[in-house]
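When the letters of the sequence shown are read in order and numbered with the working numbering, they come out as residues 1 to 178.
Glycine is no exception: its CB is placed at the ideal position from the N, C-alpha and C atoms.
Bear in mind the structure is a predicted one, so any value in this text is a computation, not a measurement.
For reference, the structure is listed below as structure tokens.
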Amino acid sequence: MYNEAALIALLKAENQKAFEELYSRFAPTLLAKLMRIITDQQQAEDLLQDSFVNIWLNFHQYEPTKGRLFTWMWRIVRNNASTHLKLAGSSHERLEDFHLDELSSGTPTYNWVGIDIWIQSTLSPHQCQLIQLLYFQGYTHQEASDELGWPLGTVKTRAQQALKRLRSSERAVEIRHG
């Protein structure tokens with residue numbers, strides 16, 4: 001049975017076997033998410049390897065009270081991907097096939113720039129900021145609450161309202177163009 005607290009304790013003690021378990025447990029899911037951003041399999045695998053080196057070297061910075069282990073690791077992977085794309089000068093090209101699964105299921109692929117414009121034109125500035133934190137930067141609700149200085153209940157309510165508004169907007173577009 002998986003015990004995240006025990007795994008974290010072993011990782012903090014720099015246990016090599018714990019790192020191998022961390023990799024085998026989380027690498028497939030992280031790679032699948034990364035492939036939404038970096039569509040080249042080899043580049044994505046290389047970035048994931050680099051990310052796991054960063055995770056290993058910086059694990060002492062992980063604070064379980066501030067968020068889930070997977071969220072912390074995803075932030076590192078996503079930041080490495082973002083840096084890679086900026087250096088390659090093709091961030092928008094590489095993000096064209098990004099699927100916004102968190103907002104709706106079974107929807108068509110969106111253009112990254114189009115998503116940003118759509119969100120900004122549909123939501124209030126506070127809702128945009130919240131959606132950016134939760135769905136594009138990988139924050140948990142608690143982390144977003146801490147970052148924004150809003151009560152946790154407010155974050156959850158506003159996130160639900162924002163998603164409902166985006167879904168309604170998306171349906172309206174489908175009806176007009178469908």
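Expected contact under 8 Å - CB spacing of residue i and residue j to nearest Å
{"i": "Ser145", "j": "Val155", "result": "5 Å"}
{"i": "Leu47", "j": "Ala81", "result": "6 Å"}
{"i": "Leu11", "j": "Ala5", "result": "Wrong, their Cβ atoms sit about 11 Å apart, outside the cutoff."}
{"i": "Glu20", "j": "Leu7", "result": "With 8 Å as the limit, Glu20 and Leu7 do not qualify as a contact, their Cβ atoms being about 11 Å apart."}
Best match in the options for proximity to residue i [C-alpha to C-alpha]
{"i": "Gly138", "options": "Arg165, Thr157, His84 and Arg68", "result": "Arg68"}
{"i": "Lys66", "options": "Leu148, Leu152 and Gln142", "result": "Gln142"}
{"i": "Ser24", "options": "Tyr2, Ala13 and Asp40", "result": "Tyr2"}
{"i": "Phe26", "options": "Gln132, Phe70, Leu148 and Trp150", "result": "Phe70"}
{"i": "Ala88", "options": "Trp150, Ile38, His126 and Gln16", "result": "Ile38"}
{"i": "Asp40", "options": "Glu63, Phe52, Pro125 and Leu85", "result": "Leu85"}
{"i": "Tyr62", "options": "Ala13, Gln161 and Gln160", "result": "Ala13"}
{"i": "Tyr135", "options": "Gln49, Gln160, Phe59 and Gln16", "result": "Gln160"}
Beta carbon of residue i nearer than 8 Å to that of residue j
{"i": "Leu166", "j": "Thr122", "result": "yes"}
{"i": "Ile119", "j": "Cys128", "result": "yes"}
{"i": "Leu133", "j": "Arg158", "result": "no"}
{"i": "Ile55", "j": "Met35", "result": "no"}
Quick one: any contact between the segment 69-85 and the segment 16-30, if contact means 3 or more CB pairs under 8 Å? yes
Uninterrupted alpha helix (DSSP H) stretches inside the segment 125-177 (no shorter than 4 residues): 125-131, 141-148 and 152-177
At 4 residues or longer, what runs of the alpha helix (DSSP H) sit wholly inside the segment 3-48? 4-12 and 16-34
Restricting to runs no shorter than 4 residues, where is the alpha helix (DSSP H) found entirely within the segment 61-91? 69-88
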